[in-house]
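Trainee: Keeping their order, the protein sequence lines are chains C and G.
With this note's numbering applied, the first sequence covers 1 to 102.
With this note's numbering applied, the second sequence covers 1001 to 1102.
Cβ atoms here follow ideal geometry from the backbone N, Cα and C, with glycine treated the same way.
Just dropping this structure here.
Number of protein chains: 2
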Amino acid sequence: MPEPDGDLSLDRLIHEPGRLAILTVLSSVTDADFVFLQRTTGLTKGNLSSHLTKLENADLVEIVKSFVHKKPNTNVALTPEGRERVARHWEQLERLRRLSKS
Amino acid sequence: MPEPDGDLSLDRLIHEPGRLAILTVLSSVTDADFVFLQRTTGLTKGNLSSHLTKLENADLVEIVKSFVHKKPNTNVALTPEGRERVARHWEQLERLRRLSKS
DNA sequence: GTGAGAGGTTTGCAGCGCCAACTAGTTTGA
DNA sequence: TCAAACTAGTTGGCGCTGCAAACCTCTCAC
Chain C
1 MPEPDGDLSL
11 DRLIHEPGRL
21 AILTVLSSVT
31 DADFVFLQRT
41 TGLTKGNLSS
51 HLTKLENADL
61 VEIVKSFVHK
71 KPNTNVALTP
81 EGRERVARHW
91 EQLERLRRLS
101 KS
Chain G
1001 MPEPDGDLSL
1011 DRLIHEPGRL
1021 AILTVLSSVT
1031 DADFVFLQRT
1041 TGLTKGNLSS
1051 HLTKLENADL
1061 VEIVKSFVHK
1071 KPNTNVALTP
1081 EGRERVARHW
1091 EQLERLRRLS
1101 KS
C-alpha cells in the first residue's frame, strides 16, 4: 500500500530487458522486421516472438504479416501510444537516476 | 546464441525495478536502514526483505543487524562492487537509450 | 522427391516477484 | 500482570513470465 514519495514505479511490461531493447530499437526507426530485430536485440526467435505478441496485445506495437520474396515477413512498428509510453519510461528512469546523483 | 552487435544485455539482478530503486537510493547515501528504504522505495516489507537478501548474496550490499532503542535495526550499504555495478548499469542504460535518439 | 534452411510459433519448466501469514520482541494500558 | 497492539522484519505459497528447445510451414537447391 505505501506509495513512494515521488512515484518511482516502473512499468514492467516496458522495463523488461528484452522488450526494452525491442522498443528502443523500434523508436529509432519507423518500422523493422523480425530478422532485423533479432539481430539488433540479440534475442532468440522464441523470445522475440513471445515478446512481440505481448507488446501487440498491449497495443504498444503494430504487427503486419506479409510475404516478401515468397517468404513470411513480420513487420513491426511502434504505435503512437507505444512511442509515448517508451518516452515516458525513459523519463521515469531519468527521474530515478537523478535521485542517486543529487 | 546470437550476441547483439553492441552489447545491450542488462543485468537482471540490478535491473529489476524493486532492486534498482533500492540500489539507486543507496547510491545517494552512505547507508540506510530498513524502514527508510521501505519508505523511499515504496516496497512492502516482504519484498524489501527478499530483495535485500538477494543483493546481499550477490555482494552488492552489506547488511548489518543490530538493536537501536531495543528494536531490531537493519542497516544497509552498498559494497564497492555494488556501487560500481550500479554505475555501470546506468551507463548501459544510457548506451541503450542513445540508440533510440540517434 | 528430399534435405537444408528461412521465418516464425508453441510448449515446458524453472525462477522470480509479490502478498499474506507468521515470528520475535516491545510498549501501552486496564 | 497480562493481553492487545505495535514495530521490525522473515518465510511460504502462488502465479506470472522469461527462456530455450522443439516444432511447424514454406521455399529452394539438387
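Mind checking which residues open and close the alpha helix (DSSP H) that includes K1054 (chain G)?
Mentor: Taking the first residue of the second sequence as position 1, residue 1054 (chain G) is located at position 54. Here the alpha helix (DSSP H) through K1054 (chain G) covers 1045 to 1057.
Trainee: Starting from L48 (chain C), find everything on chain G with Cβ-Cβ shorter than 8 Å and list it in chain order.
Mentor: For the purposes of this step, residue 48 (chain C) is identified with residue 48 of the first sequence, where counting begins at 1. In chain order: nothing, as chain G lies at least about 11 Å away.
Trainee: Given a limit of 7 Å on CB to CB distance, which residues of the segment 60 to 82 of chain C reach chain G?
Mentor: If the cut-off is 7 Å between Cβ atoms, the segment 60 to 82 of chain C has nothing near chain G.
Trainee: Please report how far the alpha carbon of K54 (chain C) lies from the alpha carbon of V29 (chain C), in whole angstroms.
Mentor: Here residue 54 (chain C) corresponds to residue number 54 of the first sequence, with the count starting at 1. Here residue 29 (chain C) corresponds to residue number 29 of the first sequence, with the count starting at 1. For K54 (chain C) and V29 (chain C), the distance between alpha carbons rounds to 20 Å.
Trainee: Pick from C:A58, C:K70, C:A77, C:K71: whose alpha carbon is nearest that of S64 (chain C)?
Mentor: Counting from one through the first sequence, the residue named residue 64 (chain C) turns up at place 64. Looking at the sequence provided, one finds Val at residue 64 (chain C) rather than Ser. Checked all of C:A58, C:K70, C:A77, C:K71; the closest Cα to V64 (chain C) is C:A77.
Trainee: Using the Cβ count rule (16 or more neighbours within 10 Å means buried), how would you classify A87 (chain C)?
Mentor: Numbered from 1 along the first sequence, position 87 holds the residue referred to as residue 87 (chain C). When all chains shown are included, A87 (chain C) counts as exposed.
Trainee: Taking a contact to mean a Cβ-Cβ separation below 8 Å, would you say L1043 (chain G) touches G1082 (chain G) in this structure?
Mentor: One-based indexing of the second sequence puts residue 1043 (chain G) at position 43. One-based indexing of the second sequence puts residue 1082 (chain G) at position 82. No, they are not a contact pair.
Trainee: For K1071 (chain G), tell me which candidate among G:I1014, G:V1035, G:I1022, G:T1024 has the shortest Cα-Cα distance.
Mentor: Residue 1071 (chain G) sits at position 71 when you count from the first residue of the second sequence. Residue G:V1035 is the option with its Cα nearest to K1071 (chain G).
Trainee: Could you tell me if E84 (chain C) is buried or exposed, where buried requires 16 or more neighbouring beta carbons within 10 angstroms of its beta carbon?
Mentor: Residue mapping note: residue 84 (chain C) aligns to position 84 of the first sequence, counting from 1. Classification of E84 (chain C): exposed, given that the 10 Å Cβ count is below 16.
Trainee: Around the Cβ of E1094 (chain G), are there at least 16 other Cβ atoms within 10 angstroms (buried) or fewer (exposed)?
Mentor: Within the second sequence, residue 1094 (chain G) is the residue found at index 94, counting from 1. With fewer than 16 other Cβ atoms within 10 Å, it is exposed.
Trainee: Compute the Euclidean distance between the alpha carbons of P2 (chain C) and L1060 (chain G), then round it to the nearest angstrom.
Mentor: Counted from its first residue, the first sequence places residue 2 (chain C) at position 2. Counted from its first residue, the second sequence places residue 1060 (chain G) at position 60. In this predicted model, P2 (chain C) has a pLDDT of only 41, less than 50, meaning its place in the structure is not dependable; the value taken from the coordinates is given anyway. Taking the straight line from one Cα to the other gives about 25 Å.
Trainee: Can you tell me where the beta strand (DSSP E) with V1061 (chain G) in it begins and where it stops?
Mentor: Position 61 of the second sequence holds residue 1061 (chain G). 1061 to 1068 is the span of the beta strand (DSSP E), which, as asked, contains V1061 (chain G).
Trainee: Between which two residues does the alpha helix (DSSP H) harbouring L37 (chain C) extend?
Mentor: Taking the first residue of the first sequence as position 1, residue 37 (chain C) is located at position 37. Looking at the DSSP string, the run of the alpha helix (DSSP H) that includes L37 (chain C) is 34 to 41.
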